[in-house]
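In this note's numbering, the protein residues as written are 9 to 136.
Where a beta carbon is used, it is the ideal one built from N, C-alpha and C, also for glycine.
Bear in mind that the values here come from a model prediction, so they are computed numbers and not experimental data.
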Amino acid sequence: MTVENLIREHFSSCRLSVKSFLAFLVAVGTMVTLADAACILALQVPGRPYRGCMWKGKLYPFGFIERTEDCYKCGCGERSMECCDISATTFSYDREKCKVVFKRKFCRYDVVQRDDPSQPCFVFGAAG
């Protein structure tokens with residue numbers, strides 16, 4: 009077997025693994041995009057000294073913020089801050105008999121009966 013044939017054989021097997029890897033990256037990228045569809049990126053102004061990141065009037069330290077007061081998880085860096093909504097949004101339920109109530113303490117939306125808010129309603133779909 010010549011060197012040329014060895015190189016062809018090696019690169020032909022690499023092409024398959026590269027294609028598989030690219031397919032994997034596209035799939036994971038799509039899932040991450042769908043999972044974090046409610047994210048906001050705020051850029052810091054270059055050249056200004058920062059002690060952290062401002063989010064809705066409150067200063068947060070650099071690093072990961074598990075949960076803000078308004079139900080976002082954030083990452084604060086020297087150049088930007090990215091925050092993602094952690095509450096699921098309901099979108100399919102009986103709108104005549106039910107209403108949505110936001111439970112800030114738990115960062116979630118509950119769907120309850122209009123006539124008796126102590127009773128939950130069936131939710132057909134939610135995102136977030």
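Nearest-angstrom beta carbon gap, residue j and residue i [assumed within contact, 8 Å]
{"i": "Cys-82", "j": "Met-89", "result": "6 Å"}
Given residue i as reference, the closest of the options once Cα atoms are compared
{"i": "Lys-113", "options": "Ser-95, Lys-66, Gly-71", "result": "Ser-95"}
{"i": "Ser-126", "options": "Phe-70, Cys-115, Phe-72, Lys-107", "result": "Lys-107"}
{"i": "Trp-63", "options": "Leu-49, Gly-55, Phe-99", "result": "Leu-49"}
{"i": "Phe-72", "options": "Cys-91, Val-109, Arg-59", "result": "Cys-91"}
{"i": "Arg-103", "options": "Leu-51, Cys-115, Pro-128, Tyr-58", "result": "Pro-128"}
{"i": "Asp-93", "options": "Lys-105, Gln-121, Glu-77", "result": "Glu-77"}
{"i": "Cys-115", "options": "Arg-122, Tyr-101, Asp-124, Thr-97", "result": "Thr-97"}
Alpha carbon of residue i to alpha carbon of residue j, nearest angstrom
{"i": "Phe-130", "j": "Lys-111", "result": "17 Å"}
{"i": "Gly-85", "j": "Gly-133", "result": "35 Å"}
{"i": "Gly-55", "j": "Lys-66", "result": "21 Å"}
{"i": "Val-53", "j": "Arg-87", "result": "8 Å"}
{"i": "Asp-123", "j": "Pro-69", "result": "44 Å"}
{"i": "Gln-121", "j": "Arg-75", "result": "29 Å"}
{"i": "Lys-105", "j": "Tyr-58", "result": "49 Å"}
{"i": "Gly-60", "j": "Asp-118", "result": "33 Å"}
{"i": "Ala-35", "j": "Ala-46", "result": "Bear in mind that a pLDDT of 41 at Ala-35, under 50, signals an unreliable position, so the number given afterwards is only what the model happens to contain. Approximately 19 Å between the Cα atoms of the pair."}
{"i": "Phe-99", "j": "Val-109", "result": "13 Å"}
{"i": "Leu-51", "j": "Tyr-101", "result": "37 Å"}
Can you list the beta strand (DSSP E) stretches of 3 or more residues lying completely in the region 48-101, in chain order? 61-63, 66-68, 71-73, 80-84, 88-93, 97-101
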